[in-house]
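Numbering (UniProt numbering), first residue to last: 1 to 597. These notes concern the structure reproduced below.
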Amino acid sequence: MSSRETQDPMSLKASKFADLLSKTAVEAAEPSTDLHDALWKRPLDQYIETVSASRFKQLAGPSQDVMEVDEDEDESQGEQIAYIDLQKAPALKRIFAPEYCKPIFIVRQEYMEAMEHVLTAAENVGDLGPPWNTRHIVTGQPGIGKSLGSYYFLFRLLSSGTATFYINETDNVATYYHEGGVSTLNPAECRLFPEKIREAAWVLVDIPRTPNWAPPFLATKGYNVIITASPSQPRMRNAIIGAQAVEWYMKPWTMAEISALMELNGEDLARTRDALKTHGLVPRALFGERPNAQKIKQAISVAATRNYFLEGGAFTLETAAGDPDITHQVYLVGPQVLQDGTFDRRAYTAQFLTADIATLLGAALDQRNQSFVVSLARAFNTVPQTRSAAGVIVEGMFHTALTQPAAGEEVINCSTVCSFHRITRSLTMFGTADRFFLESHRREDLRDRPLYLRPNSQTFACVDALLLTQDSVLHIQSSLSDRHVLILLTISTIIKCLNKHFPGSSGLLQVYCLLGIDMAKVQKLVNSAHGQLDVAKKAVTNRSTAPAGTETPAMFQDDFRSIPTAELHWLKGMTVHGIVYDPVSRMLTKVTPMKKR
Numbered sequence: 001m002s003s004r005e006t007q008d009p010m011s012l013k014a015s016k017f018a019d020l021l022s023k024t025a026v027e028a029a030e031p032s033t034d035l036h037d038a039l040w041k042r043p044l045d046q047y048i049e050t051v052s053a054s055r056f057k058q059l060a061g062p063s064q065d066v067m068e069v070d071e072d073e074d075e076s077q078g079e080q081i082a083y084i085d086l087q088k089a090p091a092l093k094r095i096f097a098p099e100y101c102k103p104i105f106i107v108r109q110e111y112m113e114a115m116e117h118v119l120t121a122a123e124n125v126g127d128l129g130p131p132w133n134t135r136h137i138v139t140g141q142p143g144i145g146k147s148l149g150s151y152y153f154l155f156r157l158l159s160s161g162t163a164t165f166y167i168n169e170t171d172n173v174a175t176y177y178h179e180g181g182v183s184t185l186n187p188a189e190c191r192l193f194p195e196k197i198r199e200a201a202w203v204l205v206d207i208p209r210t211p212n213w214a215p216p217f218l219a220t221k222g223y224n225v226i227i228t229a230s231p232s233q234p235r236m237r238n239a240i241i242g243a244q245a246v247e248w249y250m251k252p253w254t255m256a257e258i259s260a261l262m263e264l265n266g267e268d269l270a271r272t273r274d275a276l277k278t279h280g281l282v283p284r285a286l287f288g289e290r291p292n293a294q295k296i297k298q299a300i301s302v303a304a305t306r307n308y309f310l311e312g313g314a315f316t317l318e319t320a321a322g323d324p325d326i327t328h329q330v331y332l333v334g335p336q337v338l339q340d341g342t343f344d345r346r347a348y349t350a351q352f353l354t355a356d357i358a359t360l361l362g363a364a365l366d367q368r369n370q371s372f373v374v375s376l377a378r379a380f381n382t383v384p385q386t387r388s389a390a391g392v393i394v395e396g397m398f399h400t401a402l403t404q405p406a407a408g409e410e411v412i413n414c415s416t417v418c419s420f421h422r423i424t425r426s427l428t429m430f431g432t433a434d435r436f437f438l439e440s441h442r443r444e445d446l447r448d449r450p451l452y453l454r455p456n457s458q459t460f461a462c463v464d465a466l467l468l469t470q471d472s473v474l475h476i477q478s479s480l481s482d483r484h485v486l487i488l489l490t491i492s493t494i495i496k497c498l499n500k501h502f503p504g505s506s507g508l509l510q511v512y513c514l515l516g517i518d519m520a521k522v523q524k525l526v527n528s529a530h531g532q533l534d535v536a537k538k539a540v541t542n543r544s545t546a547p548a549g550t551e552t553p554a555m556f557q558d559d560f561r562s563i564p565t566a567e568l569h570w571l572k573g574m575t576v577h578g579i580v581y582d583p584v585s586r587m588l589t590k591v592t593p594m595k596k597r
């Protein structure tokens with residue numbers, strides 16, 4: 001009997017595995033070994049610095065003519081920006097691909113939240129066992145740093161002493177970080193790993209921009225897997241089906257994050273501010289590739305005339321032309337926001353990348369074509385992912401009809417739905433619902449009535465426009481969900497901020513106005529909002545007269561807890577109505593609440 005036949009099978013496997021690691025070991029002083037030496041079981045926090053977001057003010061407004069509000073109300077003052085100065089961390093810097101290697105690496109809060117999410121999932125697998133809910137695809141808008149996020153995930157795992165496979169599909173190799181060092185493995189060598197060792201390790205896969213990607217062997221066999229990729233449909237489908245991965249949609253960047261990245265990396269302020277108009281809050285487009293703005297606009301115009309974006313009312317992250325790049329130069333993808341303000345990370349929503357893009361696309365679409373109107377209605381009613389974008393288009397059509405109609409068309413007379421005939425002036429608002437600026441602070445501009453105010457931000461909450469008249473304020477909402485809920489806290493903050501720009505406006509009649517193109521839908525939502533408003537009014541009355549301990553209706557608990565009764569004086573007279581706009585006939589119809597039978 002040979003010695004080979006008498007050898008313990010387990011020790012034989014261990015010996016072969018040791019030989020494999022020895023054969024594939026990375027030499028000292030290579031980027032991966034430097035990273036291993038710097039981070040393995042060492043605190044990552046030693047490299048991370050933080051700074052208050054309030055330090056970065058340059059991108060807060062569009063120009064020096066912006067009206068400022070009290071500085072102590074700046075919402076970004078409490079936000080902290082975390083970053084790694086790669087000049088101080090050469091071992092970390094060397095691992096970055098050249099196109100990602102800026103002096104400062106912003107450690108987004110989104111990276112931290114994604115990591116905590118997958119770690120929690122790994123600890124709470126449940127009775128089904130891995131890979132149920134332990135394989136994830138972290139996705140979102142192209143250009144927001146998902147590949148950079150994969151580096152952060154790697155740093156965290158190495159710091160905790162966790163064996164990790166890192167696969168960058170452009171290299172077609174897996175880098176294996178483990179207790180003894182680093183190995184690089186081709187696809188065939190990855191299959192030679194003992195199952196227990198393979199399943200104990202984490203697998204990170206950063207997918208390249210290729211349409212026909214298929215999950216590598218380790219992504220389909222590992223227990224804990226994080227795939228980072230843009231939301232191209234074939235790649236997403238292959239990751240979800242082939243690797244049984246669960247989606248986790250990353251939020252786009254905030255203005256505070258962009259401002260910090262710009263200043264810390266020494267980017268040009270004027271150039272960045274100009275690029276924001278076309279590229280939005282996408283750092284790769286702002287500071288990296290910088291696509292030609294004119295070519296983008298031409299592509300959007302062509303795509304719009306061919307109805308790529310609302311075809312059949314269906315939304316897809318690929319265009320009808322098979323060019324996802326055009327789609328992502330129009331839409332900004334992020335997680336769906338739920339009614340309570342939390343995020344559904346497994347579902348996405350799409351809004352327009354910038355206000356300029358929305359205006360350009362709206363002008364290019366054939367609004368007088370009945371098939372377009374049908375598609376737009378479907379985008380409202382059956383495709384929740386595009387409801388917000390469809391609402392922006394409707395508000396844009398409404399605004400154009402009231403202020404700047406096409407050649408040969410007259411401005412629409414508003415008297416059938418409002419207490420005036422025509423809009424006198426239109427101004428843009430910059431900022432958020434609780435802290436916004438106006439594009440002009442000239443007294444004559446602010447005195448004009450009726451005055452139409454349009455948010456520049458695609459994340460301006462609760463309303464899509466404000467209409468200020470001599471006796472009322474219309475809070476126009478065109479992004480209509482099936483179950484529209486009055487968000488009184490946000491409405492209250494809008495009224496409070498508006499009153500700073502227009503003293504006395506909080507004492508005017510406040511009207512919650514639902515704008516749409518589908519009569520039945522608008523009527524249903526008006527009835528619902530009217531009922532909610534009645535409940536809210538009674539709740540305010542009860543709060544000031546009812547005995548202690550009386551319950552507030554559930555839908556208003558959070559709002560009412562934070563709003564003093566004195567600041568809700570406007571609620572008593574508030575009303576609800578709707579406006580239906582028909583872009584084909586250019587007719588406006590007022591919709592009032594129907595009385596219950």
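Glycine included, C-beta positions come from ideal geometry on N, C-alpha and C.
Checklist entry - ARG191 to LEU218, Cα distance in whole Å? => result Taking the first residue of the sequence shown as 1, we reach residue 191 at position 191. Taking the first residue of the sequence shown as 1, we reach residue 218 at position 218. If you take the alpha carbons of ARG191 and LEU218, they lie about 8 Å apart.
Item to check | Cβ distance (whole Å) where LEU488 is taken to contact LYS537 below 8 Å | outcome: Against the sequence shown, residue 488 aligns to sequence position 488. Against the sequence shown, residue 537 aligns to sequence position 537. About 10 Å; that fails the 8 Å criterion.
Checklist entry - Going by C-alpha distance, which of ASN172, TYR176 and CYS513 is nearest LEU154? => result Walking along the sequence shown from the start, residue 154 turns up at place 154. Of the listed residues, the one whose Cα sits closest to LEU154 is TYR176.
Checklist entry - Do you know how far the Cα of THR134 is from the Cα of GLN64? => result Start at 1 with the first residue of the sequence shown, and residue 64 comes out as number 64. Start at 1 with the first residue of the sequence shown, and residue 134 comes out as number 134. Any reading at GLN64 needs caution, since the residue's pLDDT is 30, under 50, leaving its predicted position unreliable; the model's value is listed next. About 49 Å.
Checklist entry - Out of ASP19, GLY391 and MET255, which has the shortest C-alpha to C-alpha gap to SER183? => result Within the sequence shown, the letter at position 183 stands for residue 183. Ranked by Cα distance from SER183, the first of ASP19, GLY391 and MET255 is ASP19.
Checklist entry - Helix, strand or coil: which one does DSSP assign to ASP74? => result Taking the first residue of the sequence shown as 1, we reach residue 74 at position 74. Here the model assigns ASP74 a pLDDT of 46, short of 50, so the residue's position is not dependable and the matter cannot be decided.
Next on the checklist: I'd like the list of long-range same chain contacts for THR164, defined as Cβ closer than 7 Å, with 5 residues on each side in sequence excluded.
Outcome noted: Looking up residue 164 in the sequence shown gives position 164. These residues qualify, in order along the chain: LEU154, LEU157, LEU158, TYR177, ALA201, TRP202 and LEU204.
Item to check | Touch test, the stretch 14–30 against the stretch 50–57, Cβ-Cβ under 8 Å, three pairs minimum | outcome: no
Item to check | Minimum C-alpha distance to VAL246 - residue among VAL51, VAL118, SER528 and VAL107 | outcome: Reading the sequence shown from its first residue, position 246 is the one you call residue 246. Closest option to VAL246, Cα to Cα, is VAL118.
Checklist entry - With C-beta atoms as the reference, is GLU169 less than 8 Å away from ILE207? => result Here residue 169 refers to the residue found at position 169 of the sequence shown. Here residue 207 refers to the residue found at position 207 of the sequence shown. Closer than 8 Å, so yes.
Checklist entry - Rounded C-beta distance between LEU332 and GLN141? I'm assuming under 8 Å. => result The count along the sequence shown starts at 1 and reaches residue 332 at position 332. The count along the sequence shown starts at 1 and reaches residue 141 at position 141. Rounded, the Cβ-Cβ distance is 6 Å, consistent with contact.
Next on the checklist: So, at 7 Å on beta carbons, what are the nonlocal neighbours of VAL540 in its own chain, with the 5 sequence-adjacent residues on each side left out?
Outcome noted: In the sequence shown, residue 540 corresponds to position 540, counting from 1. Around VAL540: THR565, LEU568 and LEU571.
Item to check | Spatial distance of ARG443 from HIS501 (CA atoms) | outcome: As a working note, residue 443 is residue 443 in the sequence shown. As a working note, residue 501 is residue 501 in the sequence shown. If I take the Cα positions, the gap works out to 11 Å.
Item to check | For MET429: DSSP bridge partner residues | outcome: The residue labelled residue 429 in the question sits at position 429 within the sequence shown. According to DSSP, MET429 bridges with LEU438 and PRO455.
Item to check | Nearest residue (CA-CA) to HIS399, options LEU438, PRO450 and THR354 | outcome: Looking up residue 399 in the sequence shown gives position 399. Measuring from the Cα of HIS399, the nearest candidate turns out to be PRO450.
Checklist entry - Per DSSP, PRO52 forms a beta bridge with which residues? => result Counted from its first residue, the sequence shown places residue 52 at position 52. The sequence given here places Ser at residue 52; Pro does not occur at that position. Answer is GLN80.
Checklist entry - Do GLY222 and ARG198 have their C-beta atoms within less than 8 Å of each other? => result As a working note, residue 222 is residue 222 in the sequence shown. As a working note, residue 198 is residue 198 in the sequence shown. With contacts defined by Cβ atoms closer than 8 Å, GLY222 and ARG198 form a contacting pair.
Next on the checklist: Quick check on the DSSP output: what are the complete beta strand (DSSP E) runs of length 3 or more inside the stretch 197–261, in order along the chain?
Outcome noted: Those beta strand (DSSP E) runs which fall completely within the stretch 197–261 and span 3+ residues are 202–206, 224–228 and 246–249.
Item to check | Exposure of ALA520, with buried meaning 16 or more beta-carbon neighbours within 10 Å | outcome: In the sequence shown, the residue the question calls residue 520 occupies position 520. The residue in question, ALA520, is exposed, as its Cβ has fewer than 16 Cβ neighbours within 10 Å.
Item to check | Buried or exposed by the 16-neighbour rule on C-beta atoms within 10 Å, applied to residue 668 | outcome: This structure cannot speak to residue 668, because the chain is shown only from 1 to 597.
Item to check | Three-state secondary structure assigned by DSSP to ILE106 | outcome: Locating residue 106 in the sequence shown gives position 106, counting from the first residue. Strand at ILE106.
Checklist entry - Do GLN385 and THR354 have their C-beta atoms closer together than 8 Å? => result The residue given as residue 385 occupies position 385 in the sequence shown. The residue given as residue 354 occupies position 354 in the sequence shown. Cβ atoms of GLN385 and THR354: not closer than 8 Å.
Item to check | For HIS577 and CYS513, believed in contact at Cβ under 8 Å, the rounded distance | outcome: Walking along the sequence shown from the start, residue 513 turns up at place 513. Walking along the sequence shown from the start, residue 577 turns up at place 577. Your pair CYS513 and HIS577 checks out as a contact, with CB atoms roughly 6 Å apart and the cut at 8 Å.
Item to check | SER183 (DSSP reduced to helix, strand or coil) | outcome: Start at 1 with the first residue of the sequence shown, and residue 183 comes out as number 183. Residue state, collapsed to three classes: strand.
Next on the checklist: Just checking: is the beta-carbon of CYS190 within a distance shorter than 8 Å of some beta-carbon in chain D?
Outcome noted: The structure shown contains no chain D; it holds only a single protein chain.
Checklist entry - Straight-line CA distance for PRO503 to ILE563? => result Mapped onto the sequence shown, residue 503 falls at position 503. Mapped onto the sequence shown, residue 563 falls at position 563. Cα-Cα distance, rounded: 20 Å.
Item to check | Beta-bridge pairing of ASP85 - partner residues as DSSP gives them | outcome: What you label residue 85 is simply residue 85 of the sequence shown in a count that begins at 1. Bridge partners of ASP85: ILE104.
Item to check | Span separating the alpha-carbon of LEU21 from that of ALA14 | outcome: Counted from its first residue, the sequence shown places residue 21 at position 21. Counted from its first residue, the sequence shown places residue 14 at position 14. In a straight line, the C-alpha of LEU21 is about 11 Å away from that of ALA14.
Item to check | Cβ shell of ALA293 (< 7 Å), same chain only, five flanking positions each side left out | outcome: The sequence position of residue 293 within the sequence shown is 293, counting from 1. So the qualifying residues of the chain are THR278.
Item to check | Cβ neighbour criterion (16 or more within 10 Å) applied to ALA97 | outcome: Taking the first residue of the sequence shown as 1, we reach residue 97 at position 97. Classification of ALA97: exposed, given that the 10 Å Cβ count is below 16.
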